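Enquirer: Before I ask anything, here is the structure I am working with.
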Amino acid sequence: MRRLAFLSVLAVAALCLVGCGVKSEPTAVEVTFPSHAVDAAGQTISLRTAPLRIVSLDAGATAILNDLGLSDATTTATVASARREVADPTTALVVVPLGLDPALLRSIVDATTAPVFHYGAVPLTTAPSAITQLGLAVGRGPEAAVIASSVAAGFRALAARLATAAPAHVLIEGRGFTAMGPASPAGLAVAAAGGTNLVTTDQPINLADMTALAVTAWVALEPGGSTLTSLQGYPELAAVPAVRDGRVIPLPLAGVAVDAALPSALQALADDLRAAAVTPG
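Counting the sequence shown from 1 gives a position; our numbering is that position plus 5.
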């Protein structure tokens, strides 16, 4: 998906405080531990001392921790490496995505004595709160507040633009030619970008229904989704506006990261959902 510039003056001014991946400046305030925060699952998280090792399985949380000046203390883990990484006895905090697979979450909890912080935003407009709480958990509340304020300003600018934007009727295609509902990570991103999801629950895609749905934008999740070329191979989709006009947008299966760049990422998605028809030539 193309990454369009965030045109709103307000959002640009706010994002200049932290930028995309630009660390917030440390404050002179002495942080007092234990820290106290509430994660996205409603759990209270407290650390007795400043964390020397944080294991993160969430890309957005990792970006925020880096922005808070904790890159040296943060280890990025994958599904494959999570249990090994969290078992390190020096691990002070584990950050996992909200909605992590229950079996994987249980294996992580069983492998560590560190608190497990659930990170995420449902809906995505609650991202400032998620960022603030993560900052409070690691003793960087003032710095996190700067980032959260920037993201909130970006959301206000996005809302102003979406108020006059054209409608976008969206089908989100996941693995196995499945239409994804609004509760999926991609569904949350589409909703925040002002798109209308044409299905209410995850369900198989029925080609015969596509013309009647009048899909104006087709979001194909990666990995596992289709491409414009593959969709053009179905005669049943020839008259579907999204395929006819070349408005097929790739999006990561995990949706968009909840980080300082979230508003601009959603603005780019909003623009892609309403892009002009691609003229063959």
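Note that beta-carbon positions come from the ideal geometry of N, C-alpha and C, so glycine has one too.
Just so it is clear, the structure is predicted and the values come from calculations on it, not from any experiment.
#1: Which whole-angstrom value is the C-beta distance of leucine 73 and valine 143, which I expect to be below 8 Å?
#2: Taking 8 Å as the threshold, find out whether the stretch 118-128 comes into contact with the stretch 96-105 through three or more Cβ pairs.
#3: Starting from serine 235, trace the alpha helix (DSSP H) in both directions and tell me its first and last residue.
#4: Of all the options Pro190, Val99, Ala217, Thr96, which has the alpha carbon lying nearest to the alpha carbon of threonine 206?
#5: Inspect the CB distances between the stretch 110-119 and the stretch 84-98 and report whether three or more fall short of 8 Å.
#6: Between aspartate 250 and glutamate 227, what straight-line distance do the alpha-carbon atoms span, to the nearest angstrom?
#7: Expressed to the nearest angstrom, what Euclidean distance is found between the alpha-carbon atoms of threonine 67 and aspartate 264?
#8: Is it true that the CB of alanine 149 sits closer than 8 Å to the CB of glycine 140?
#9: Return the bridge partner residues of serine 189 from the DSSP annotation.
#10: Starting from glutamate 90, trace the alpha helix (DSSP H) both ways and give me its first and last residue.
#11: Let me know the secondary structure DSSP gives leucine 271 once reduced to three states.
#12: Which residues in the same chain as alanine 171 place their Cβ atom closer than 7 Å to its Cβ, once the five residues preceding and following it in sequence are excluded?
#13: With burial defined as no fewer than 16 other Cβ atoms inside 10 Å of the residue's Cβ, what is the status of arginine 53: buried or exposed?
#14: Here's a check: name, in chain order, each residue in its chain whose Cβ is nearer than 7 Å to the Cβ of leucine 57, leaving out the five neighbours to either side.
#15: In the DSSP assignment, what are the bridge partners of serine 61?
#16: How would you write the range of the beta strand (DSSP E) that leucine 176 sits in, first residue to last?
#17: Since threonine 232 and valine 261 are thought to touch, with beta carbons under 8 Å apart, how far apart are those beta carbons, to the nearest angstrom?
Expert: Let me lay it out:
#1: Here residue 73 corresponds to residue number 68 of the sequence shown, with the count starting at 1. Here residue 143 corresponds to residue number 138 of the sequence shown, with the count starting at 1. Yes, leucine 73 and valine 143 are in contact; Cβ-Cβ is about 7 Å, under 8 Å.
#2: yes
#3: Numbered from 1 along the sequence shown, position 230 holds the residue referred to as residue 235. Per DSSP, serine 235 belongs to the alpha helix (DSSP H) from 233-236.
#4: As a position in the sequence shown, residue 206 is number 201, starting the count at 1. Answer by Cα proximity: Pro190.
#5: yes
#6: The sequence position of residue 250 within the sequence shown is 245, counting from 1. The sequence position of residue 227 within the sequence shown is 222, counting from 1. Cα to Cα, aspartate 250 sits roughly 21 Å from glutamate 227.
#7: Position 62 of the sequence shown, counted from the start, is the residue given in the question as residue 67. Position 259 of the sequence shown, counted from the start, is the residue given in the question as residue 264. Straight-line Cα distance between these residues: approximately 9 Å.
#8: If you number the sequence shown from 1, residue 140 lands on position 135. If you number the sequence shown from 1, residue 149 lands on position 144. A contact, by the Cβ cut-off of 8 Å.
#9: Reading the sequence shown from its first residue, position 184 is the one you call residue 189. Paired residue(s): none; serine 189 is not in a bridge.
#10: Residue 90 sits at position 85 when you count from the first residue of the sequence shown. Unbroken alpha helix (DSSP H) run through glutamate 90: 87-91.
#11: As a first step, residue 271 must be located in the sequence shown, where it is residue number 266. Helix at leucine 271.
#12: As a position in the sequence shown, residue 171 is number 166, starting the count at 1. Around alanine 171: Arg279.
#13: If you number the sequence shown from 1, residue 53 lands on position 48. Label assigned to arginine 53: exposed.
#14: Along the sequence shown, read from residue 1 onward, the residue named residue 57 stands at position 52. Result list for leucine 57: Ala78, Thr95, Ala97, in chain order.
#15: Numbered from its first residue, the sequence shown carries residue 61 at position 56. DSSP, once it has assigned bridges, lists Thr81, Val100 as partnering serine 61.
#16: Stepping through the sequence shown from its first residue, residue 176 is reached at position 171. Note, leucine 176: beta strand (DSSP E), 174-179.
#17: Taking the sequence shown and counting its residues from 1, one reaches residue 232 at position 227. Taking the sequence shown and counting its residues from 1, one reaches residue 261 at position 256. No, threonine 232 and valine 261 are not in contact; Cβ-Cβ is about 20 Å, not under 8 Å.
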